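Residue numbers (UniProt numbering): 1 to 113.
Take a look at the structure:
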């Protein structure tokens, strides 16, 4: 079991908290943990969920691998894909310009496109 404490809900009344928990308890989705129980006290509010062995989404979003990927690998991949995209555009333009005559005016705008 995992217990989650909510400190930011201290100004929520008892009935409003119970209504929110009833709504949360009715939510059904494959990516949501079912609510097992909840506890209301004026100073603290607690939610009880089943334990997930691989951690929460926040743990995976802020993992060291993701930081490594975003700072080191991502710029390298972006520059590589930009290079490929530029190369592809140049290749397509070379093929098109070989087989078609393209007329340009003085400002390099296509006259018969």
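A virtual CB, placed ideally from N, CA and C, is assigned to each residue, including glycine. In this text, all values refer to a predicted model and were calculated from it rather than measured experimentally.
query: For residue 24, which of 110, 74 and 48 has the nearest alpha-carbon?
result: Counting from 1 along the chain shown, the entry for residue 24 is found at position 24. Cα-wise, what sits closest to residue 24 is 48.
- prompt: Would you call the CB atoms of residue 44 and residue 5 closer than 7 Å?
  reply: Position 44 of the chain shown, counting from 1, holds the residue named residue 44. Position 5 of the chain shown, counting from 1, holds the residue named residue 5. Yes, the pair counts as a contact, with Cβ atoms nearer than the cut-off.
- request: Report yes or no: do three or more beta-carbon pairs, one from the region 29-42 and one from the region 1-21, lie closer than 8 Å?
  value: yes
message: For residue 8, tell me which candidate among 32, 27, 19 and 42 has the shortest Cα-Cα distance.
response: Numbered from 1 along the chain shown, position 8 holds the residue referred to as residue 8. Answer by Cα proximity: 42.
message: I'd like the list of long-range same chain contacts for residue 50, defined as Cβ closer than 8 Å, with 5 residues on each side in sequence excluded.
response: On the chain shown, position 50 is the one that residue 50 refers to. Taken in chain order, the residues that qualify are 1, 2, 33, 34 and 36.
- request: Using the DSSP secondary-structure output, state which residues sit across from residue 110 in a beta bridge.
  value: Residue numbering aside, residue 110 sits at position 110 when the chain shown is read from its first letter. DSSP output for residue 110 lists 104 as bridge partner(s).
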